[in-house]
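Each step along the sequence shown adds one to the number in numbering that gives the first Met the number 0, with nothing skipped, and position 216 is 215.
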Amino acid sequence: MNILITGANKGIGFETARQLGLQGHRIILSGRDEARLDKAAKALSFQGVLMDTLMMDVHSAESIETAAKTFSNSTFKLDVLINNAAQLDKADNSLLRDDERILSETLTTNSVGPLRVIRAFLPYLNTPGARIINLSSGGGSMTDPVGGWSPAYCVSKSLLNAITRHLAHELEPKRITVNAVCPGWVKTDMGGKSAPRGVERGAETVVWLATTRETLTGKFFRDKKVIPW
Ligand SMILES: NC(=O)c1ccc[n+]([C@@H]2O[C@H](COP(=O)([O-])OP(=O)(O)OC[C@H]3O[C@@H](n4cnc5c(N)ncnc54)[C@H](OP(=O)(O)O)[C@@H]3O)[C@@H](O)[C@H]2O)c1
Numbered sequence: 000m001n002i003l004i005t006g007a008n009k010g011i012g013f014e015t016a017r018q019l020g021l022q023g024h025r026i027i028l029s030g031r032d033e034a035r036l037d038k039a040a041k042a043l044s045f046q047g048v049l050m051d052t053l054m055m056d057v058h059s060a061e062s063i064e065t066a067a068k069t070f071s072n073s074t075f076k077l078d079v080l081i082n083n084a085a086q087l088d089k090a091d092n093s094l095l096r097d098d099e100r101i102l103s104e105t106l107t108t109n110s111v112g113p114l115r116v117i118r119a120f121l122p123y124l125n126t127p128g129a130r131i132i133n134l135s136s137g138g139g140s141m142t143d144p145v146g147g148w149s150p151a152y153c154v155s156k157s158l159l160n161a162i163t164r165h166l167a168h169e170l171e172p173k174r175i176t177v178n179a180v181c182p183g184w185v186k187t188d189m190g191g192k193s194a195p196r197g198v199e200r201g202a203e204t205v206v207w208l209a210t211t212r213e214t215l216t217g218k219f220f221r222d223k224k225v226i227p228w
């Protein structure tokens, strides 16, 4: 399969690329910084992963359009699109007191960004059967108890969950599936050093959803099980 992963130069995205690449899938490794992307690409090539790189800053509509235009020159279509890139602002503490810029930038990267990526790459998805996987978070759940941490980030993942459900419905006639995944609390630059999970476990459900023979859509998963929105 041909698999595009956004924000894949480190963390869960990189590990997802590594695991799927080692299974023999072709990876389109995407990132916003050329040097960081090249370093990640070298590390994957060294492990024998078949791969292309694609520069894309998901915060920028223009960058997403440029990336889609670049991709349109490819001789193949995408089987899986993984919206992994996201930001968590260290100063994200209060919806009432924080500078509105934090909420606005977080929503643009984490919610509107994935939607824009899907819109831009839709013509290049294989139909029927293509899969879209959005990296969400338990922090975006409307049923988990509110933890009081990074509220703008949590709101952005609630919105991403809502977008996931609506797109699953809208893309059903094309038989494109759309799901959200919470990777759990994972040791990465975003998750921090205290997180109990390693990246292997964090990527596990994404890799499973990308490759399972089951047709699943409009759902939210953690540890390969459906969880409440
Ligand atoms: N770690 C956790 O505990 C946890 C828990 C729940 C959900 N998640 C979700 O899992 C996904 C991966 O998180 P992670 O823990 O692996 O985070 P991470 O280590 O901080 O990696 C985030 C990745 O996203 C990229 N990125 C950020 N903003 C971008 C932009 N505007 N355009 C393109 N790429 C961008 C980063 O690129 P740069 O290197 O250029 O910054 C990096 O490659 C995210 O969606 C996150 O919300 C993580």
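No residue lacks a Cβ here, since even glycine has one placed at the ideal position from N, Cα and C.
8 Å contact criterion, which residue i and residue j should meet: CB distance rounded
i	j	result
W228	N160	6 Å
S149	N109	Not quite, the Cβ-Cβ distance comes to about 11 Å (not below 8 Å), so this is no contact.
I11	A202	5 Å
N92	T5	Contact flag wrong, Cβ pair sits at about 26 Å.
R17	L49	Not quite, the Cβ-Cβ distance comes to about 12 Å (not below 8 Å), so this is no contact.
L19	A209	6 Å
G191	R221	So it is not a contact: roughly 19 Å between Cβ atoms.
A34	F13	Actually they do not touch by this definition, with Cβ atoms about 15 Å apart.
I63	A119	5 Å
Y152	T204	Contact doesn't hold; Cβ gap of about 20 Å is too wide.
A84	V57	5 Å
I226	C181	7 Å
R115	A60	6 Å
D177	T216	Looking at the sequence provided, one finds Val at residue 177 rather than Asp. Confirmed, Cβ separation roughly 6 Å.
Endpoints, beta strand (DSSP E) assigned at residue i
i	result
D51	M50 to M54
R25	R25 to G30
V79	V79 to N82
R130	R130 to L134
According to DSSP, residues forming a beta bridge with residue i
i	result
V225	F220
I4	L28 and I81
L124	L77
First through last residue of the alpha helix (DSSP H) which encompasses residue i
i	result
K38	E33 to F45
W148	Run containing W148: none; DSSP gives neither H nor E here.
V204	Residue 204 is actually Thr in this sequence, not Val. From DSSP, the alpha helix (DSSP H) with T204 extends over V198 to T210.
G20	G10 to L21
Alpha helix (DSSP H) runs wholly inside the segment 159 to 195, at least 4 long, in chain order: Segments of the alpha helix (DSSP H) lying fully in the segment 159 to 195: there are none.
Do the segment 61 to 71 and the segment 80 to 100 make contact, defined as three or more Cβ pairs closer than 8 Å? No, the segment 61 to 71 does not touch the segment 80 to 100.
Contact the segment 193 to 200 vs the segment 113 to 127: 3+ CB pairs below 8 Å: The segment 193 to 200 is not in contact with the segment 113 to 127.
Segments assigned beta strand (DSSP E), at least 3 residues, entirely inside the segment 60 to 121: Here the runs fully enclosed are 79 to 82.
Would you call the segment 131 to 144 and the segment 27 to 47 touching, i.e. three or more CB-CB distances under 8 Å? No, because fewer than three Cβ pairs between the segment 131 to 144 and the segment 27 to 47 fall closer than 8 Å, the two stretches do not touch.
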